[in-house]
Amino acid sequence: MELQFTRHRRLRQSANMRALVRETFVRVEDFIYPIFVIEGTNIKNEISSMPGVYQYSLDRLSEEMDEVVSLGIKSVLLFGIPSEKDECGSGAYHDHGIVQEATRFIKERYKDIIVIADTCLCEYTSHGHCGVIEKDQVLNDPSLELLTQTAVSQASAGADIIAPSNMMDGFVAAIRKGLDEAGFENVPIMSYAVKYASAFYGPFRDAADSTPQFGDRKAYQMDPANRLEAFREAESDVKEGADFLIVKPGMPYLDIVRDVKDRFNLPIVTYNVSGEFSMVKAAAANGWIDEKAVVMEMLTGMKRAGANLIITYHAKDAARWLSEQ
Ligand code: PBG
Numbered sequence: 180m181e182l183q184f185t186r187h188r189r190l191r192q193s194a195n196m197r198a199l200v201r202e203t204f205v206r207v208e209d210f211i212y213p214i215f216v217i218e219g220t221n222i223k224n225e226i227s228s229m230p231g232v233y234q235y236s237l238d239r240l241s242e243e244m245d246e247v248v249s250l251g252i253k254s255v256l257l258f259g260i261p262s263e264k265d266e267c268g269s270g271a272y273h274d275h276g277i278v279q280e281a282t283r284f285i286k287e288r289y290k291d292i293i294v295i296a297d298t299c300l301c302e303y304t305s306h307g308h309c310g311v312i313e314k315d316q317v318l319n320d321p322s323l324e325l326l327t328q329t330a331v332s333q334a335s336a337g338a339d340i341i342a343p344s345n346m347m348d349g350f351v352a353a354i355r356k357g358l359d360e361a362g363f364e365n366v367p368i369m370s371y372a373v374k375y376a377s378a379f380y381g382p383f384r385d386a387a388d389s390t391p392q393f394g395d396r397k398a399y400q401m402d403p404a405n406r407l408e409a410f411r412e413a414e415s416d417v418k419e420g421a422d423f424l425i426v427k428p429g430m431p432y433l434d435i436v437r438d439v440k441d442r443f444n445l446p447i448v449t450y451n452v453s454g455e456f457s458m459v460k461a462a463a464a465n466g467w468i469d470e471k472a473v474v475m476e477m478l479t480g481m482k483r484a485g486a487n488l489i490i491t492y493h494a495k496d497a498a499r500w501l502s503e504q
């Protein structure tokens with residue numbers, strides 16, 4: 180009997196044929212580049228677990244920003260490291276806090292760049308948790324007040340988008356109300372709607388100096404085993420007025436990216452987090468993988484899974500590779 184089969188390889192014969200049928204594209208406009216700004220002067224500290232990623236003081240931030248702009252990256256996500264921390268994270272909502280000052284700096288000199296302010300307390304609290312603590316518990320509602328103050332002060336400094344990452348219940352509702360009352364009804368919220376309690380955040384906590392001093396974040400961040408819970412989280416954030424939904428981390432959660440993309444009609448963002456970045460860098464430094472090919476394959480996979488935007492520490496490298504094509 181004659182063999183019956185389909186010749187899929189017809190469409191893979193040459194580079195041009197493959198380009199003709201390609202379904203997913205990664206563009207520099209898809210990237211959001213995280214930047215760590217630190218109080219102090221003349222600081223450019225490399226994060227040992229994140230080669231090529233630095234903490235910058237304001238007076239050296241233009242070194243980073245000039246490069247970002249020249250590579251065509253349009254959006255940055257700011258994280259702040261204050262010189263002093265306290266119980267209630269007051270550096271987060273101080274009008275002259277480090278993120279507020281960095282935002283003013285960038286919006287004055289690079290006015291078309293979209294500045295996204297991460298809204299959380301963990302980099303600013305002495306205990307390293309994302310909210311107010313009482314008897315070793317993170318209190319939900321009192322934390323909302325401080326997070327709202329943080330968001331309003333970031334918007335006042337000129338932030339284009341507010342990105343709350345704290346995982347308190349009701350943070351989108353509280354922040355939306357606070358922004359609207361302060362006259363910032365046009366400032367969108369990019370909600371870390373689906374954020375898992377992940378071991379992949381390890382290197383970030385070195386970079387942001389935000390490791391919890393006791394316990395862990397499992398009473399507010401999600402259990403990696405849960406999928407239905409991701410729908411509940413995304414649903415409430417949509418109801419509360421989120422403009423973007425973030426799924427975080429990226430690589431081990433691309434099923435969730437697809438699920439959320441299929442159910443909700445907002446732009447979906449995936450956060451290709453620090454631990455994912457460090458693994459690639461470590462393997463590449465050992466010569467075990469081809470860094471460029473692996474990074475582009477990962478970013479393509481995130482887009483294919485349904486992410487419209489990718490927060491990634493690989494953004495500068497990937498932008499360079501894309502421009503060389
Ligand atoms: C703050 C925050 C974290 C990350 C982004 N915002 C750390 C955490 O929740 O512990 C992690 C990002 C990364 O790993 O790259 N809450």
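Counting in our numbering, the sequence shown runs from 180 upward without gaps. For each residue, glycine too, the CB sits at the ideal point set by N, CA and C.
Where the beta strand (DSSP E) containing residue i begins and where it ends
| i | result |
| --- | --- |
| S254 | 254 to 260 |
| G231 | 229 to 236 |
| A338 | Careful: A338 lies outside any beta strand (DSSP E) and carries neither H nor E. |
Proximal residues to residue i (C-beta, below 6 angstroms), its chain only, five neighbours per side dropped
| i | result |
| --- | --- |
| D416 | V351, S370, A372 |
| S344 | D297, C299, Y371 |
| I217 | Q234, S236, I260 |
| Q392 | H306, G307 |
| P367 | I340, D422 |
| L501 | V207 |
| R494 | Contrary to the premise, residue 494 reads as Ala rather than Arg in this sequence. Excluding sequence neighbours, A494 sits near F210, Y212, I252. |
| M346 | K374, Y399, Q400 |
| Q328 | Y272 |
Close beta carbons around residue i, own chain, < 7 angstroms, minus the five adjacent residues each side
| i | result |
| --- | --- |
| Y443 | The question names Tyr, yet the displayed sequence has Phe at residue 443. Excluding residues within five positions, the ones whose Cβ falls inside 7 angstroms are A413, V417, L424. |
| P286 | Note that residue 286 is Lys in the sequence shown here, rather than Pro. So the list reads V294, G337, once near-sequence residues are dropped. |
| G480 | L433 |
Residue i, enclosing alpha helix (DSSP H) - first and last residue
| i | result |
| --- | --- |
| T329 | 319 to 335 |
| F423 | Careful: F423 lies outside any alpha helix (DSSP H), inside the beta strand (DSSP E) at 423 to 427. |
| D297 | Note, D297: premise wrong, no alpha helix (DSSP H); beta strand (DSSP E) at 293 to 298. |
| A198 | 194 to 199 |
| A281 | 277 to 288 |
Coarse secondary structure for residue i, derived from DSSP in three states
| i | result |
| --- | --- |
| D441 | helix |
| Y371 | strand |
| I222 | coil |
| A398 | coil |
| F210 | strand |
| Q316 | strand |
| V247 | helix |
| A404 | coil |
| T390 | coil |
| F215 | strand |
| T185 | coil |
| A361 | coil |
| V311 | strand |
| T203 | coil |
| D416 | helix |
| D385 | helix |
| D265 | strand |
| A376 | coil |
Own chain partners of residue i with C-beta closer than 8 angstroms, once the 5 adjacent residues on each side are dropped
| i | result |
| --- | --- |
| K482 | T203, F204, V205, D209, I489 |
| K460 | M229, P230, G231, E470 |
| I435 | V373, R406, A409, V426 |
| F456 | M229, V232, P382, T491, Y492, H493 |
Whole-angstrom C-beta distance between residue j and residue i, which should lie under 8 angstroms
| i | j | result |
| --- | --- | --- |
| I226 | P382 | 7 angstroms |
| S332 | Y272 | 5 angstroms |
| V452 | V439 | Their Cβ separation, rounded to whole angstroms, is 17 angstroms, which puts V452 and V439 out of contact at 8 angstroms. |
| D388 | E302 | 7 angstroms |
| D516 | T220 | This structure cannot speak to residue 516, because the chain is shown only from 180 to 504. |
Residue-chain proximity (residue i, chain D), Cβ-Cβ < 9 angstroms
| i | result |
| --- | --- |
| E225 | Here there is only one protein chain, and chain D is not present. |
Query raised in the report: Which ranges would you report for the alpha helix (DSSP H) in the region 444 to 498 if only whole runs of at least 4 residues count?
Result: 453 to 464, 470 to 484
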